[in-house]
Amino acid sequence: MCLGVPGKVIEIDGILATVDFWGVRRQIRLDIVDEPVAPGDYVLNHVGYAIRRIPPEDIGETLELYESLLADSTDEDLMAADVRGELAAGEIRK
Amino acid sequence: MIPQEGGFAQLKFRDPARGKALAGELERLAREIGREPITLMHVCGSHEQAIARFGLRASFPPSVDLIMGPGCPVCVTDLPEVDEAVALAKSGVRVATYGDMLKVPGRVLSLADAQSEGAKVDVVYSVSQAVDLARSTDEEVVFFSTGFETTAVATAAVILSPDRPKNLSVLSAHKYILPAMEIVAEIPGTRIEGFLGAGHAATITGWGIFEPFAAKYNRPVVVAGFEPLDILAGLVKLLEMVRDGRGGVANMYPRCVTKEGNLRAQEQLWRVFETAGGEWRGIAFVPDGNLRIREEFAEADARRRFDIDVTSLWTTEPSELAKDCICGAILSGLAGPHDCPMFGKECLPDRPIGACMVSSEGACRIWHQYGGRPDLRSLTPQVEVAV
Numbered sequence: 011m012c013l014g015v016p017g018k019v020i021e022i023d024g025i026l027a028t029v030d031f032w033g034v035r036r037q038i039r040l041d042i043v044d045e046p047v048a049p050g051d052y053v054l055n056h057v058g059y060a061i062r063r064i065p066p067e068d069i070g071e072t073l074e075l076y077e078s079l080l081a082d083s084t085d086e087d088l089m090a091a092d093v094r095g096e097l098a099a100g101e102i103r104k
Numbered sequence: 197m198i199p200q201e202g203g204f205a206q207l208k209f210r211d212p213a214r215g216k217a218l219a220g221e222l223e224r225l226a227r228e229i230g231r232e233p234i235t236l237m238h239v240c241g242s243h244e245q246a247i248a249r250f251g252l253r254a255s256f257p258p259s260v261d262l263i264m265g266p267g268c269p270v271c272v273t274d275l276p277e278v279d280e281a282v283a284l285a286k287s288g289v290r291v292a293t294y295g296d297m298l299k300v301p302g303r304v305l306s307l308a309d310a311q312s313e314g315a316k317v318d319v320v321y322s323v324s325q326a327v328d329l330a331r332s333t334d335e336e337v338v339f340f341s342t343g344f345e346t347t348a349v350a351t352a353a354v355i356l357s358p359d360r361p362k363n364l365s366v367l368s369a370h371k372y373i374l375p376a377m378e379i380v381a382e383i384p385g386t387r388i389e390g391f392l393g394a395g396h397a398a399t400i401t402g403w404g405i406f407e408p409f410a411a412k413y414n415r416p417v418v419v420a421g422f423e424p425l426d427i428l429a430g431l432v433k434l435l436e437m438v439r440d441g442r443g444g445v446a447n448m449y450p451r452c453v454t455k456e457g458n459l460r461a462q463e464q465l466w467r468v469f470e471t472a473g474g475e476w477r478g479i480a481f482v483p484d485g486n487l488r489i490r491e492e493f494a495e496a497d498a499r500r501r502f503d504i505d506v507t508s509l510w511t512t513e514p515s516e517l518a519k520d521c522i523c524g525a526i527l528s529g530l531a532g533p534h535d536c537p538m539f540g541k542e543c544l545p546d547r548p549i550g551a552c553m554v555s556s557e558g559a560c561r562i563w564h565q566y567g568g569r570p571d572l573r574s575l576t577p578q579v580e581v582a583v
């Protein structure tokens, strides 16, 4: 539940950002993140909120953990399930 | 496939050579320290998931015992708090909550029990979804919220939002981890020599909040990330500090954590919440351990909005099995899942007796899935390994 999930910002509309998570787009809120966020940036999302803008030099390392987790997991895998829960926390983009 | 068995060769590191080097460092430091066990504690369910999932304990020196403390917010939510949510649901209020909270037992009933008796209980993945639920109905909706600082911040943002629906209120079971670490550090006879701090909670609070704690108890705190290499690197730093006998704080997760943390988030968190003492399951009374909604936001606080009568639930006694649950000792680091005779027998993920088997961040649930033993080289026959 604390893991969060990183995604790439596609578009910003006020306090809402459309974020791409491996091809799945969700709307995430920007009320909490403490740096200006622009399209192309990566953010770490937790329960539907961006909590941190990921520095560009750290994006590769950050994504790798999640990619190996999601690629290499069963339905019962708790850690992967928490990441999927984080994805479900975003609003489905209408 | 999930790596169930240990064995360093099977661990999937981003950089196997670096993983091996870090494990070698741990061995060297453990030898230099020379005593055993060297007991370390982490306080984060996601850390335990990563440690168990990647079989990291297999690469620790035998003398290093890394135990999970009160790092599962769902697990430490005490019976009366669950009872408040159950009482509200049974009185006809619509209750929305995170999935893990559904099956957590109260004194007699869980929210899932109330749901099967006809109460309106909805599972949501985020507080925003509770907002949407409230917008879709005229009914009163209560969001039964759990989580540490990282999650409480999202709840705070909703409470501060000018367009929050008037029929939405929050029953806060949010917790603040630092005071619980103090309680654990003060348990008489505790052997904990250092703490691994949770990376993403520290993203919000900053690593600086651990400094007074580390100084007061003269124990090191190392903030670490969740990648296998992040965890091993954090442990190497922690063992170095244990060897040198110094307290202090080290940040081994600089890509997410700064000293000050996320000030904008902290401002929202503390504008909405204040700390209050409260019972944590198994840890006893934790001064300042609960996050309570300030008076100013009374209309958003379910405890002030409703007259919640939990005593009406207490007409039957808890089950005999529930009385034998050692979840409390596990949460305070005094026991592990394998110390519980019900683990993997009477107590299973689909029919849990204690909260530690319910939540995906609970030590019992995690160990049951991944077979995470403290030392994979000393298998004990009574431990059931999930396959």
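Listed in order, the protein sequences are those of chains A and B.
Here the first sequence stands for residues 11 to 104, numbered as in the working numbering.
Here the second sequence stands for residues 197 to 583, numbered as in the working numbering.
Cβ atoms here follow ideal geometry from the backbone N, Cα and C, with glycine treated the same way.
Inset, instruction - Return no unless some Cβ of chain A is closer than 8 Å to the Cβ of Glu423/B. - result: Here residue 423/B corresponds to residue number 227 of the second sequence, with the count starting at 1. True, the Cβ-Cβ gap to chain A drops below 8 Å.
Inset, instruction - Would you grab the beta carbon distance between Leu222/B and Pro257/B for me? Rounded to a whole angstrom, and I think it's under 8 Å. - result: For the purposes of this step, residue 222/B is taken as the residue at position 26 of the second sequence. For the purposes of this step, residue 257/B is taken as the residue at position 61 of the second sequence. About 6 Å separates the two Cβ atoms, so the contact holds.
Legend entry - Close beta carbons around Met237/B, own chain, < 6 Å, minus the five adjacent residues each side: As a position in the second sequence, residue 237/B is number 41, starting the count at 1. If you ignore the 5 residues before and after Met237/B, its C-beta comes within less than 6 Å of the C-beta of Ile263, Gly265, Ile388, Phe391 and Gly529, all in its own chain and listed in chain order.
Legend entry - Run of the alpha helix (DSSP H) containing Ala285/B, from where it starts to where it stops: For the purposes of this step, residue 285/B is identified with residue 89 of the second sequence, where counting begins at 1. Note, Ala285/B: alpha helix (DSSP H), Leu275 to Lys286.
Legend entry - Environment of Arg214/B [buried if 16+ CB atoms lie within 10 Å]: By one-based count along the second sequence, residue 214/B stands at place 18. Arg214/B comes out exposed.
Inset, instruction - Grab me the residues of Gly241/B's own chain with a C-beta within less than 6 Å of its C-beta, minus the 5 sequence neighbours each way, in chain order. - result: For the purposes of this step, residue 241/B is taken as the residue at position 45 of the second sequence. The residues are Gly267, Cys268 and Glu557.
Inset, instruction - Below 7 Å CB to CB, which residues in the same chain sit around Val15/A once its five sequence neighbours on both sides are set aside? - result: In the first sequence, residue 15/A corresponds to position 5, counting from 1. The beta carbon of Val15/A sits closer than 7 Å to the beta carbons of Phe31, Asn55, Tyr76, Val93, Glu96 and Leu97 from its chain, once the five residues preceding and following it are set aside; these are given in chain order.
Inset, instruction - Flag Ile61/A as yes if its beta-carbon sits less than 8 Å from any beta-carbon of chain B, otherwise no. - result: In the first sequence, counting from the first residue as 1, residue 61/A sits at position 51. It does; some Cβ of chain B falls within 8 Å.
Legend entry - Cβ neighbour criterion (16 or more within 10 Å) applied to Glu86/A: For the purposes of this step, residue 86/A is identified with residue 76 of the first sequence, where counting begins at 1. The residue in question, Glu86/A, is exposed, as its Cβ has fewer than 16 Cβ neighbours within 10 Å.
Inset, instruction - Provide the residue(s) that pair with Met237/B in DSSP beta bridges, ordered along the chain. - result: Within the second sequence, the letter at position 41 stands for residue 237/B. Under DSSP, Met237/B forms a beta bridge with Ile263/B and Phe391/B.
Inset, instruction - Using a Cβ-Cβ cut-off of 8 Å, state whether Asn458/B counts as contacting chain A. - result: The residue given as residue 458/B occupies position 262 in the second sequence. True, the Cβ-Cβ gap to chain A drops below 8 Å.
Inset, instruction - May I ask you to verify whether the segment 324–332 of chain B touches the segment 295–315 of chain B, counting CB pairs closer than 8 Å and requiring at least 3? - result: Taking a cut-off of 8 Å on C-beta distances, the segment 324–332 of chain B does not touch the segment 295–315 of chain B, as fewer than three cross pairs fall below it.
Inset, instruction - With DSSP collapsed to three states, give me the class of Gly487/B. - result: One-based indexing of the second sequence puts residue 487/B at position 291. A small fix is needed here, since residue 487/B is Leu in this sequence, not Gly. Assigned with DSSP and collapsed to three states, Leu487/B falls in strand.
Legend entry - Lys18/A - containing beta strand (DSSP E), residue span: Position 8 of the first sequence, counted from the first residue, corresponds to residue 18/A. Following the DSSP letters along the chain, one finds Lys18/A inside the beta strand (DSSP E) bounded by residues Val15 to Asp23.
Legend entry - Exposed unless 16 or more other CB atoms sit within 10 angstroms - verdict on Leu517/B: The residue labelled residue 517/B in the question sits at position 321 within the second sequence. By the 16-neighbour rule on beta-carbons within 10 angstroms, Leu517/B is exposed.
Legend entry - Listed by chain order, chain B residues near Ile20/A by CB distance under 8 Å: Here residue 20/A refers to the residue found at position 10 when the first sequence is read from its first residue. None at all; the shortest Cβ gap to chain B is about 19 Å.
Inset, instruction - Name, going along the chain, the residues of the segment 87–101 of chain A whose beta-carbon falls closer than 7 Å to a beta-carbon of chain E. - result: Note that chain E does not occur in the displayed structure, where the protein chains are A and B.
Legend entry - Listed by chain order, chain A residues near Thr333/B by CB distance under 7 Å: Looking up residue 333/B in the second sequence gives position 137. The contact set of Thr333/B on chain A, defined by CB atoms closer than 7 Å, is empty, because the minimum CB distance reaches about 18 Å.
Inset, instruction - State the DSSP-derived secondary structure class of Ile383/B, mapped to helix, strand or coil. - result: If you number the second sequence from 1, residue 383/B lands on position 187. Ile383/B falls in the coil class under three-state DSSP.
Legend entry - Any C-beta of chain A under 8 Å from that of His396/B: Position 200 of the second sequence, counting from 1, holds the residue named residue 396/B. Interface criterion met: the Cβ of His396/B is under 8 Å from a Cβ in chain A.
Inset, instruction - Check the Cβ-Cβ distances between Arg451/B and every residue of chain A, and say whether any is below 8 Å. - result: Numbered from 1 along the second sequence, position 255 holds the residue referred to as residue 451/B. Yes - at least one Cβ of chain A is within 8 Å of the one on Arg451/B.
Inset, instruction - Taking Val323/B as the query, report the chain A residues whose CB atoms sit under 8 Å from its CB, ordered along the chain. - result: One-based indexing of the second sequence puts residue 323/B at position 127. Under a criterion of Cβ atoms nearer than 8 Å, the residues of chain A adjacent to Val323/B are, in order, Val57 and Gly58.
Inset, instruction - Return helix, strand or coil for Glu492/B, following the three-state DSSP convention. - result: One-based indexing of the second sequence puts residue 492/B at position 296. Correct three-state label for Glu492/B: helix.
Inset, instruction - Scan the segment 71–86 of chain A for residues whose Cβ lies nearer than 9 Å to a Cβ of chain B and list them as they occur along the chain. - result: Residues of the segment 71–86 of chain A with a C-beta less than 9 Å from any C-beta of chain B: Glu71, Thr72, Glu74, Leu75, Ser78, Leu79, Asp82, Ser83, Thr84 and Glu86, listed in chain order.
Inset, instruction - Please classify Trp466/B: is it buried, with 16 or more other beta-carbons within 10 angstroms of its beta-carbon, or exposed? - result: In the second sequence, counting from the first residue as 1, residue 466/B sits at position 270. Sixteen is the threshold: since fewer than 16 other Cβ atoms of the shown chains lie within 10 Å of the Cβ of Trp466/B, the residue is exposed.
Legend entry - Sequence-distant residues of its chain with Cβ nearer than 6 Å to Arg488/B (five each side left out): One-based indexing of the second sequence puts residue 488/B at position 292. Excluding positions up to five away in sequence, the list reads Glu470 and Ala472.
Inset, instruction - Within its chain, find whatever has a CB closer than 6 Å to the CB of Tyr413/B; leave out the 5 residues flanking it on each side and keep chain order. - result: The residue labelled residue 413/B in the question sits at position 217 within the second sequence. Closer than 6 Å at Cβ, skipping near neighbours: Ala381.
Legend entry - For Pro661/B, the three-state DSSP class (helix, strand or coil): This structure cannot settle anything about residue 661/B, because the visible part of chain B is limited to 197 through 583.
Inset, instruction - Find the residues of chain A that neighbour Arg561/B, judging by a C-beta separation of less than 8 Å, and give them in chain order. - result: As a working note, residue 561/B is residue 365 in the second sequence. Result: Leu88.
Legend entry - Within-8 Å CB hit, Ser255/B to chain A: Counted from its first residue, the second sequence places residue 255/B at position 59. No, its Cβ sits nowhere closer than 8 Å to a Cβ of chain A.
Inset, instruction - Specify whether the segment 431–446 of chain B and the segment 390–410 of chain B touch according to this definition: at least 3 beta carbon pairs, one from each stretch, less than 8 Å apart. - result: Touching, per the Cβ criterion.
Legend entry - Sequence-distant residues of its chain with Cβ nearer than 7 Å to Ala73/A (five each side left out): The count along the first sequence starts at 1 and reaches residue 73/A at position 63. Ala is not the amino acid found at residue 73/A; the sequence shown has Leu there. Once the five neighbours on either side are set aside, the close Cβ partners of Leu73/A are Pro16.
Inset, instruction - State yes or no: is the beta carbon of Val468/B nearer than 8 Å to at least one beta carbon in chain A? - result: As a position in the second sequence, residue 468/B is number 272, starting the count at 1. When Cβ-Cβ separations below 8 Å define contact, Val468/B makes no contact with chain A.
Inset, instruction - Determine contact between the segment 364–383 of chain B and the segment 276–293 of chain B, defined as no fewer than three beta-carbon pairs at a distance below 8 Å. - result: As far as the Cβ criterion goes, the segment 364–383 of chain B touches the segment 276–293 of chain B, which means the pair count is three or higher.
Inset, instruction - Report all residues from its chain with a CB closer than 6 Å to the CB of Lys18/A; omit the five preceding and five following residues, and keep chain order. - result: To locate residue 18/A, count along the first sequence from 1; it is residue 8. Excluding its 5 nearest sequence neighbours in each direction, Lys18/A has C-beta neighbours in its own chain below 6 Å: Asp30 and Tyr52, listed in chain order.
Inset, instruction - Return helix, strand or coil for Thr333/B, following the three-state DSSP convention. - result: Taking the first residue of the second sequence as 1, we reach residue 333/B at position 137. Secondary structure of Thr333/B (DSSP, three-state): coil.
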